[in-house]
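Let me begin by presenting the structure, written as structure tokens, before commenting on it.
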Amino acid sequence: GENVEQHPSTLSVQEGDSAVIKCTYSDSASNYFPWYKQELGKRPQLIIDIRSNVGEKKDQRIAVTLNKTAKHFSLHITETQPEDSAVYFCAANNQGGKLIFGQGTELSVKP
Amino acid sequence: SAVISQKPSRDICQRGTSLTIQCQVDSQVTMMFWYRQQPGQSLTLIATANQGSEATYESGFVIDKFPISRPNLTFSTLTVSNMSPEDSSIYLCSVAGGAHPPDTQYFGPGTRLTVL
Chain X
97 GENVEQHPST LSVQEGDSAV IKCTYSDSAS NYFPWYKQEL GKRPQLIIDI
147 RSNVGEKKDQ RIAVTLNKTA KHFSLHITET QPEDSAVYFC AANNQGGKLI
197 FGQGTELSVK P
Chain C
40 SAVISQKPSR DICQRGTSLT IQCQVDSQVT MMFWYRQQPG QSLTLIATAN
90 QGSEATYESG FVIDKFPISR PNLTFSTLTV SNMSPEDSSI YLCSVAGGAH
140 PPDTQYFGPG TRLTVL
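Those protein sequence lines, which keep their order, are chains X and C.
Oh and the first sequence: position 38 is 134 in our numbering, straight run, nothing missing.
Oh and the second sequence: position 32 is 71 in our numbering, straight run, nothing missing.
The following block contains the structure:
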């Protein structure tokens, strides 16, 4: 079945630096790729998503890129702030319309 | 996005008992899902709650252990039956569709379950 691999599992950056999280997926039919941010004790929150008809999408300090040929997509956070510290999950949809989640990346932004 | 609530927010239960978790949305949605998230882990889909018919379960999850109801387009319940300590986890509902794209999921706040 569909598999989504996410790297790295942990990421530590200095405030102001950029952070990049990468995911690969196995189902070539996947066409929707959301990213969720989960703070400790809170629900996963959708922060950005991308569909297969575009290669990049940006929203202020966050951006997502998609390479359908290579079946990978990435989350880019620029000018990181301590409040960006959280666990980030990527996901890809499958033919049944469900989401398959990556393993998560714990991002720590040090002041 | 839709306003989603879950009850209870947390509970501590004895093994062998059952707990029913409720998920309520403030607007009609097409899809409702139930997930389990064990400590420090990713989200695992338990089942899709279908309105007016039996839920669709993922591999490793069965109706006898996790019965699900969805009587209408804004409400669903998940029951964790005959609980054991291994069922200790966070249970989350998510919704999609309605006023939002059909594949964009929004999550409820979760129910933290501890089984002793």
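Ideal placement from N, C-alpha and C gives every residue a C-beta, glycine not left out.
- Distance between X/LEU195 and X/PRO178, taken at the CA atoms: about 29 angstroms.
- If you check the CB distance, C/PHE72 and C/LEU84 come in under 9 angstroms.
- Take the alpha-carbon of C/VAL134 and the one of X/LEU142: they are about 12 angstroms apart.
- For C/VAL64, the uninterrupted beta strand (DSSP E) segment begins and ends at 58-64.
- DSSP lists X/ASP145 as the beta-bridge partner residues of X/PRO130.
- Of all residues in the region 135-161 of chain X, those with a C-beta nearer than 7 angstroms to a C-beta of chain C are ARG139, PRO140, LEU142 and ASP145, reading in chain order.
- When only Cα atoms are considered, X/SER114 and C/VAL154 end up about 41 angstroms apart.
- DSSP assignment within the region 151-187 of chain X yields the following whole beta strand (DSSP E) runs of 3 residues or more, N-terminal first: 152-155, 158-163 and 168-173.
- Assigned with DSSP and collapsed to three states, C/GLU125 falls in helix.
- Taking a beta-carbon distance threshold of 9 angstroms, C/GLN63 does not count as an interface residue toward chain X.
- The C-alpha of X/HIS103 lies about 22 angstroms from the C-alpha of X/VAL150.
- Looking only at X/ASN189, X/GLY192, X/GLN191 and X/VAL183, the smallest Cα-Cα distance to X/THR201 is reached by X/VAL183.
- In this structure, the beta-carbon distance from X/SER204 to X/VAL116 does not fall below 9 angstroms.
- Closer than 9 angstroms to the CB of X/TYR121 there is not a single CB belonging to chain C.
- Within the DSSP bridge table, the entry for C/PHE72 names C/THR87 and C/SER133 as partners.
- Within 10 angstroms of the beta-carbon of C/THR69 lie fewer than 16 other beta-carbons, which makes it exposed.
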